[in-house]
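Novice: 19 is the number that our numbering gives to position 19 of the sequence shown; each next residue is one higher, with no gaps. All C-beta atoms, glycine included, are put in the ideal place defined by N, C-alpha and C. Here the structure is a predicted model, which is why all the values come from computation and not from measurement. There's a structure below that I have some questions on.
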Amino acid sequence: MKAAIIFTGTGPILILTSYESFTDPKFVETLSAKGIKRFIACEIPLERVKEKYASTFETVMNDVKQVDDLRVLDYNGHNVFHNFSFSEMGKEVKYEPQPT
């Protein structure tokens, strides 16, 4: 499991995912099903996310209604953006669909 901030058209969200890559076609498809067609993803150290989100992290991880491939931990963009410094963010991965 890894954590990432996903910058979307409506603001950043914090996610947990079991996908190895933020460009994995199934990861992209899962985001697309949620209305996120293009994004910038930055990995965040999982331990920092556990520290910042303690009980919320455990609640989301134990929610049997969610699938392991993608879990949204925080969709409040203000919280997400201000909870982590730029130095904690990994290299950004940009994705947008190819024109057809």
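Identify, in the order they occur along the chain, each residue of the same chain with its Cβ nearer than 6 Å to the Cβ of Gly11, setting aside the five sequence neighbours on each side.
Specialist: The answer, listed in chain order, is Gly77.
Novice: Could you give the residue range of the beta strand (DSSP E) that holds Arg48?
Specialist: No beta strand (DSSP E) holds Arg48; the alpha helix (DSSP H) holding it covers 46-61.
Novice: Which of helix, strand or coil does DSSP assign to Phe86?
Specialist: Looking at Phe86 - three-state DSSP - the assignment turns out to be helix.
Novice: Consult DSSP for Phe7 and reduce its assignment to one of helix, strand or coil.
Specialist: Strand, per DSSP.
Novice: Mind checking which residues open and close the beta strand (DSSP E) that includes Glu29?
Specialist: Note, Glu29: premise wrong, no beta strand (DSSP E); alpha helix (DSSP H) at 25-33.
Novice: Please tell me whether Leu46 and Lys2 are closer than 8 Å, where the distance is taken between their beta carbons.
Specialist: For Leu46 and Lys2, yes; Cβs fall inside 8 Å.
Novice: In whole angstroms, what separates the C-alpha of Lys91 from that of Cys42?
Specialist: So the two alpha carbons sit approximately 6 Å from each other.
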